[in-house]
Amino acid sequence: MSNIGLIIEEKSADIGNFLVGRLLPFREKRAVGPFVFIDHMGPAELKDYQNLDVPPHPHIGLSTLTYLLEGSIFHRDSIGSALEIKPGAINWMTAGKGVVHSERTPEYLRNTDKKLHGFQIWVGLPKHLEQSEPTFHHIEADELPVWEDGDIQYKLIAGEAFDKKSPVPVHSKLFFIEIKTKTAQKISIGKDLYGEAAMYVLDGTVNIEDNSYGSKQLLIAKNTKLCEFEMSENGTVYLFGGEPFDEERFIFWNFVNSDKELIDKAKVNWNDQNHDAFPLVPGDEEEYVPLPKAILNRK
């Protein structure tokens, strides 16, 4: 009997002037552990006149995790953070009761050809932190746990697994793991995982119970403890998961919460540009992403 509970095909979505492959949420699976939203950006070749420009937009009730494989993004937020994220580093922003941020191509790259490839992820917050003060943390690439087992390389991007802990200050029990192979390998790591688990195949193929899966698919396990698979040579996969929350998390546009009333309040505050609830982003105050009208009146 197969341990694959669901196969989600990557589907394209638009963020500003950039197409991404959206993996979660999916109508049959709204979350995996505390992960409620996963976007795979690129890989994209951007010309000298093409840039990533996502103007200031709001969040509540979640943490955002940005992890780049190629390229660069300049992050600004209403807390006052302003820095460039490069491949291998982590931006971890916890919105809590409300934060605003923008993501743009850095100035020095705006008139050159460039690449952009990575993941943008939303992680739900435990109920008692959904109204916390917003925070931002940047973790450099060389701070993450990396280890090898023969021709297999592991990187613990966030959370806890394999008796190791990432320095990313997560708020619940979760894992985000990168696995790379030089040669074809059998991977058996169920004993090191917990809660719910999903796998995204980036490079190469994965064979599970005589079925082969390639890129642009998110595979969700029925039983995390039975997590066994074979990876092809020069393969790369990412594992996401952890302990799910007791309460359902609702998602409306950029807002995540267990309380729909707080989401409705955030809609009105953003639509009215209430800067007490959603402060301006220093250095990026001239524009913002308007609340879609269809979202304002949707319950």
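Take 1 as the starting number for the sequence shown in our numbering and just add one per residue. For each residue, glycine too, the CB sits at the ideal point set by N, CA and C. In this text the structure is predicted, and so the values were computed from the model without any measurement.
Integer-rounded CB distance, given that residue j should sit under 8 Å from residue i
i	j	result
Asn254	His59	5 Å
Gly242	Gly33	3 Å
His171	Pro126	6 Å
Glu261	Thr224	Contact flag wrong, Cβ pair sits at about 33 Å.
Val100	Ser78	4 Å
Ala161	Asp192	5 Å
Own chain partners of residue i with C-beta closer than 7 Å, once the 5 adjacent residues on each side are dropped
i	result
Ser166	Leu144, Pro145, Leu156, Ile157, Ala158, Gly159
Thr183	Asp151, Glu233
Per DSSP, cross-strand counterpart(s) of residue i
i	result
Arg104	Asp53, Phe74
Gln131	DSSP lists no partner for Gln131.
Phe240	Phe176, Ala198
Val281	Answer is none; Val281 lacks a bridge partner.
Tyr154	Trp147, Ile179
Phe250	Asn257
Phe37	Trp122
Gly159	Phe175
His275	Answer by DSSP bridge pairing: none, since His275 is not bridged.
Ala31	Answer is none; Ala31 lacks a bridge partner.
Phe136	Met93
Asp203	Thr236
Glu45	Lys115
Glu230	Lys186, Asn207
Where residue i sits in the DSSP three-state scheme
i	result
Gly190	helix
Lys265	helix
Lys225	helix
Leu109	helix
Ala141	helix
Lys165	strand
Lys293	helix
Gly21	Confidence in Gly21 is poor, its pLDDT being 44 and thus under 50, which makes the residue's placement unreliable; the coordinate value appears in the next sentence. Gly21: strand per DSSP, three-state reduction.
Lys216	coil
Asn211	strand
Met1	Because Met1 sits at a pLDDT of 34, beneath the cut-off of 50, its placement in the model cannot be relied upon, and the following sentence gives the value as read from the coordinates. Note: Met1 maps to coil in three-state DSSP.
Beta-carbon contacts of residue i that lie in its chain and below 6 Å, excluding the five residues immediately before and after
i	result
Pro106	Ser72, Phe74, Glu84
Gly42	Leu116, His117
Asp203	Gly235, Thr236
Ala141	Gly88, Ala89
Tyr238	Glu178, Tyr200
Arg76	Ala82, Ser102, Val281, Gly283, Asp284
Lys289	Correcting the residue identity first, residue 289 is Val in this sequence and not Lys. Here the set comprises Pro55, His57.
Asp48	Asn111, Thr112, Asp113
Pro169	His137
Lys97	Gln131
Own chain, CB closer than 8 Å to residue i, minus 5 neighbours either side, in chain order
i	result
Ile121	Phe35, Phe37, Ile38, Asp39, Thr64, Leu65, Thr66, Tyr67, Phe176, Phe240
Glu70	Gly42, Pro43, Pro87, Lys115, Leu116, His117, Gly118
Glu148	Tyr154
Arg249	Arg30, Ala31, Val36, Gly61, Gly124, Val256, Asn257, Ser258
C-beta neighbour in chain B for residue i, strict 8 Å
i	result
Tyr154	The structure shown has no chain B; it contains just one protein chain.
Every unbroken beta strand (DSSP E) inside the segment 55-98 [3 residues or more]: 62-70, 73-77, 82-85, 90-94
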